[in-house]
Amino acid sequence: MNAILNGKVSNTLTKMSLPISVGMLSTFLFQVIDTYFVGQLGGNALAALSFSSVLYFMIVGLFMGLAIGVSTLVGKLIGEQKNKIAEHTIILGLVICLLSTTVLSVLVFLFSDQLFSLLGATPEILPLVQQYLNTLLVGLPLLTTGIMAGSLLRANGNLTKPEVIMAIAGVINLILDYGFIFGHLNLPELGIQGAALATVISWVFIIVGMTVLFIQDNLIKLNYSITSISVKMLTKDIFSISIPITISNIISPFTQMFITYVLATHSAMAVAAFGVAGRVEMLSLIGIMGVSTAITPFIAQNLGAKNTVRIDKAIVFGGKAAFYLGLIVFIILFSSIGNIAQLFSEDISVVNYSIDYFNFISLSYIFYGMFLVTTAILNGLQNPGKSMKIMLIKTFVFTFPLAIIGSYFYGTTGVFVAIGLSNILGGIYAMYIMRQVIKSLNTDLKDKSIINDYKNDFVSIIRH
Numbered sequence: 001m002n003a004i005l006n007g008k009v010s011n012t013l014t015k016m017s018l019p020i021s022v023g024m025l026s027t028f029l030f031q032v033i034d035t036y037f038v039g040q041l042g043g044n045a046l047a048a049l050s051f052s053s054v055l056y057f058m059i060v061g062l063f064m065g066l067a068i069g070v071s072t073l074v075g076k077l078i079g080e081q082k083n084k085i086a087e088h089t090i091i092l093g094l095v096i097c098l099l100s101t102t103v104l105s106v107l108v109f110l111f112s113d114q115l116f117s118l119l120g121a122t123p124e125i126l127p128l129v130q131q132y133l134n135t136l137l138v139g140l141p142l143l144t145t146g147i148m149a150g151s152l153l154r155a156n157g158n159l160t161k162p163e164v165i166m167a168i169a170g171v172i173n174l175i176l177d178y179g180f181i182f183g184h185l186n187l188p189e190l191g192i193q194g195a196a197l198a199t200v201i202s203w204v205f206i207i208v209g210m211t212v213l214f215i216q217d218n219l220i221k222l223n224y225s226i227t228s229i230s231v232k233m234l235t236k237d238i239f240s241i242s243i244p245i246t247i248s249n250i251i252s253p254f255t256q257m258f259i260t261y262v263l264a265t266h267s268a269m270a271v272a273a274f275g276v277a278g279r280v281e282m283l284s285l286i287g288i289m290g291v292s293t294a295i296t297p298f299i300a301q302n303l304g305a306k307n308t309v310r311i312d313k314a315i316v317f318g319g320k321a322a323f324y325l326g327l328i329v330f331i332i333l334f335s336s337i338g339n340i341a342q343l344f345s346e347d348i349s350v351v352n353y354s355i356d357y358f359n360f361i362s363l364s365y366i367f368y369g370m371f372l373v374t375t376a377i378l379n380g381l382q383n384p385g386k387s388m389k390i391m392l393i394k395t396f397v398f399t400f401p402l403a404i405i406g407s408y409f410y411g412t413t414g415v416f417v418a419i420g421l422s423n424i425l426g427g428i429y430a431m432y433i434m435r436q437v438i439k440s441l442n443t444d445l446k447d448k449s450i451i452n453d454y455k456n457d458f459v460s461i462i463r464h
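Have a look at this one:
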C-alpha cells in the first residue's frame, strides 16, 4: 500500500517527518560541529566560518530549491502513475544538479576574495575564509547531488534509508573534525581547513550511499535509449516549478548575507555570534522543517491522484505542527540560551550577542514555523509563484527595511529586533495567503474556523 495515497494522514506525515528531521539534524550537525570545534580556535576563526557559511548556505539553498522542484514534479507524476516520465525527470534533474554545481563552485573559487571583501571580511579574517571555503568548494557538487538524490528517494516513498545515510555521515564528520582540526587520531593538524576537509569526506560517503540506495530501489532502470528522453520538454517542466522555489530558497541565505554585512559594520564578534545563532536556530527548527519537507511530496502525490480530502487534512496537520513546535522552541530557547551559547564560544562578547539575539527572536519562531509550512504546502500544490511572493514580501518589505532602520538607531539590538518582527509579520502574511488559497480550492476546509480548532485543542489538553 502507498501510505502517501492511502494511509492515515496524520500518522503518515508523522512517519515521514521523523526520519526527515533526523536526516536534517545530521546535515546541520556538519555546521554545528564545525562551529563548536572552530570556536576553540578563537573569535577570528569563528567569524571566518560565519562569513563562509553565508555563501555556503546560499549555494546549498539554490540547489535544494532545484531538488524540491524536481522531487515535487516526480511525486505528482507518480501520483498520476506516469512512472517512465518520472524516471526521465529523475535522470535529467541529477545531471542538471551535478553540472551546474560544478560550474558555480569554480566561479565562487575564482571570485571569493572580492566577494568577501565586499561583505566586510577584514584582512585578518580573509585568509581563514579562503582556507575553509576553498576546500569546501571541491566537494560541494557531491553534497548537492546527494541532497537531490535523497529528495528523489523520499518522493518515491523511501523515507528512512536516506536519513540513515545522512546520520552516518554526521558521525564521520564529527570524528574527522576532531582529528583534522586539532591533529588528533594520528591525523595532520589543519585548523579551520581541517573542518572543511572533514565535511568534504563525509559528503563523499553521502554520494556513495545514495548511489547504493538508487540501485537497491531500482529507481533508474535504463531499459530504454537515453535519446528517448524528451530533454527540452522535461527541462521546461523542471525549471517552471524549480525556478520560483529556488528563488525562494536563496532569498533566505541572501538575507543572511545582508544581515552579516549590516552586523559587520558594528562588530566582527556580532558576526561570529550571528553564525552561532544561525546554527542553534537550524537545530531548534528541525521538527518544523521536517514537517515542511514531508508535506510537499505528500500533497504533490495526492494532487496528482486528485485526492482533495487528504490535501485538506495535510494542510491542517502542517499548520498545527508548526504552531505547537514553534511554541516548544520558544520556551526552550528563551529559558536556556545562555548555557547553549557558552558551548560554542568562550568569548564573552560572542556569548552576549548570542543571548541578545534569542531574547528578541525566540517568540517569533511560532510565526516563522507557519511561514515555512505555508510555503511548503504551496510548493506541493504546484503553486511555487505564491510561495515565492510570500518570501519576497517577507524579505524586501519587512526584513531589509526594518534591519536598516534598527541598525541605524539601535545598533546590533535593532537588527535582532528587526529579524524577530519580520518573522512575525511574514508568518501573518503567509497565513493570509494560505487562507486565500484554501478558499480558491473550494473544499470543506474553506468553512473551517482555525481559531476554534486551536481553542478545542487547548481545552482538550487542559482536560487531560
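Counting from 1, one number per residue, gives the positions in the sequence shown under UniProt numbering. Where a beta carbon is used, it is the ideal one built from N, C-alpha and C, also for glycine.
- Message: Could you check whether the Cβ of V22 sits closer than 8 Å to any heavy atom belonging to the ligand NAD?
- Response: Looking for the ligand NAD in the displayed structure turns up nothing, as the structure carries no ligands at all.
- Skipping 5 residues on each side, what residues in its chain have a beta carbon closer than 7 Å to that of N158? Sequence index remark: in the sequence shown, residue 158 carries index 158 (1-based). Result list for N158: L213 and D217, in chain order.
- With distances taken Cα to Cα, identify the nearest neighbour of Y368 among Y324, F409, Y408 and L174. Along the sequence shown, one-based indexing puts residue 368 at 368. The option with the nearest alpha carbon to Y368 is Y324.
- Task: Determine the DSSP secondary structure at D347, reduced to helix, strand or coil.
- Result: Taking the sequence shown and counting its residues from 1, the one referred to as residue 347 is at position 347. Coil at D347, not helix or strand.
- Task: Label T53 either buried or exposed according to how many other C-beta atoms from any shown protein chain fall within 10 Å of its C-beta, with 16 as the threshold for buried.
- Result: Here the question's residue 53 lines up with position 53 in the sequence shown. Checking the sequence, you will find Ser at residue 53 rather than Thr. The residue is buried, with at least 16 neighbouring Cβ atoms inside 10 Å.
- Task: Can you give me the Cβ contacts of I220 inside the same chain, cut-off strictly under 8 Å, excluding the 5 residues immediately before and after it?
- Result: Locating residue 220 in the sequence shown gives position 220, where the first residue counts as 1. Only E87, I90, I91 and F214 meet the Cβ criterion.
- Task: Look at the alpha carbon of L136 and the alpha carbon of V262, and state the distance between them as a whole number of angstroms.
- Result: Taking the sequence shown and counting its residues from 1, the one referred to as residue 136 is at position 136. Taking the sequence shown and counting its residues from 1, the one referred to as residue 262 is at position 262. Looking at the two C-alpha atoms, the distance is approximately 25 Å.
- Whose CA, out of S10, Y365 and T296, lies closest to the CA of F330? Indexing the sequence shown from 1 puts residue 330 at position 330. Among S10, Y365 and T296, the Cα nearest to that of F330 belongs to Y365.
- Item | Cβ neighbours of K76 in the same chain (closer than 8 Å, five flanking residues each side left out) | Within the sequence shown, residue 76 is the residue found at index 76, counting from 1. If we look at K76 and ignore the five residues flanking it on each side, its Cβ neighbours are A300, Q301, L303, G304 and Q382.
- Query: Since residue 512 and I192 are thought to touch, with beta carbons under 8 Å apart, how far apart are those beta carbons, to the nearest angstrom?
  - Reply: Residue numbering for the chain in the displayed model covers 1 to 464; residue 512 lies beyond these limits and cannot be assessed.
- Cut-off 6 Å between Cβ atoms - residues of its own chain near M388, not counting five sequence neighbours on either side: Sequence index remark: in the sequence shown, residue 388 carries index 388 (1-based). So the list reads P244, I247 and S248, once near-sequence residues are dropped.
- Entirely within the stretch 353–433 and at least 4 residues each: give me those alpha helix (DSSP H) ranges in chain order. 365–380 and 384–392
- Thinking C-alpha only, which one of L190, L197 and S354 is nearest I172? Working through the sequence shown from its first residue, we reach residue 172 at position 172. For I172, the nearest C-alpha among the options comes from L197.
- Since I believe A167 is in contact with D34 (beta carbons under 8 Å), could you give me their beta-carbon distance rounded to a whole number of angstroms? Along the sequence shown, one-based indexing puts residue 34 at 34. Along the sequence shown, one-based indexing puts residue 167 at 167. Contact doesn't hold; Cβ gap of about 17 Å is too wide.
- Message: Between which residues of its own chain and T102 is the CB-CB distance below 8 Å, once the five residues before and five after are set aside?
- Response: Here residue 102 corresponds to residue number 102 of the sequence shown, with the count starting at 1. Contacts found: P141.
- Message: Helix, strand or coil for P141? Go by DSSP, reduced to three states.
- Response: For the purposes of this step, residue 141 is identified with residue 141 of the sequence shown, where counting begins at 1. Three-state result, P141: helix.
- Item | Test item: CB-CB of I288 and A322 under 9 Å | Translated into the one-based positions of the sequence shown, residue 288 becomes position 288. Translated into the one-based positions of the sequence shown, residue 322 becomes position 322. Yes, these two residues count as a Cβ contact at 9 Å.
- Query: In this structure, does DSSP put M1 in helix, strand or coil?
  - Reply: For the purposes of this step, residue 1 is taken as the residue at position 1 of the sequence shown. Note that M1 scores 47 on pLDDT, short of 50, meaning its location in the model is unreliable; the coordinates nonetheless yield the value given after this. Three-state result, M1: coil.
- Message: As an exercise, report each continuous beta strand (DSSP E) stretch of at least 3 residues that is fully enclosed by the stretch 26–110, in chain order.
- Response: none
- Task: May I ask you to report which of helix, strand or coil DSSP gives L159?
- Result: Here the question's residue 159 lines up with position 159 in the sequence shown. Three-state result, L159: coil.
- Would you mind stating whether E124 and N44 have Cβ atoms separated by less than 9 Å? Working through the sequence shown from its first residue, we reach residue 124 at position 124. Working through the sequence shown from its first residue, we reach residue 44 at position 44. Yes, they are a contact pair.
- Are the beta-carbon atoms of V60 and L143 separated by less than 9 Å? The sequence position of residue 60 within the sequence shown is 60, counting from 1. The sequence position of residue 143 within the sequence shown is 143, counting from 1. In this structure, L143 lies closer than 9 Å to V60 by Cβ.
- For S267, name the three-state secondary structure that DSSP assigns. Here residue 267 corresponds to residue number 267 of the sequence shown, with the count starting at 1. Three-state DSSP puts S267 in coil, outside helix and strand.
- Task: Leaving out five residues on either side along the sequence, give the residues of the same chain with a beta carbon under 8 Å from the beta carbon of L372.
- Result: Within the sequence shown, residue 372 is the residue found at index 372, counting from 1. Same-chain partners within the cutoff: L285, I288, M289, S292 and A322.
- Going by alpha carbons, who is nearest to T72 out of L441, D237, F400 and L402? Along the sequence shown, read from residue 1 onward, the residue named residue 72 stands at position 72. Measuring from the Cα of T72, the nearest candidate turns out to be D237.
- Message: Quick check: L343 and Y36, are their CB atoms within less than 9 Å of each other?
- Response: Translated into positions along the sequence shown, residue 343 becomes position 343. Translated into positions along the sequence shown, residue 36 becomes position 36. Yes, they are a contact pair.
- Task: Within the same chain, show all residues whose beta-carbon is closer than 6 Å to that of A273, passing over the 5 residues directly before and after it, in chain order.
- Result: Here residue 273 is taken as the residue at index 273 of the sequence shown, counted from 1. The residues are V350, Y353 and S354.
- Task: Tell me whether I251 is buried or exposed, calling it buried when 16 or more other Cβ atoms sit within 10 Å of its Cβ.
- Result: Along the sequence shown, one-based indexing puts residue 251 at 251. I251 comes out buried.
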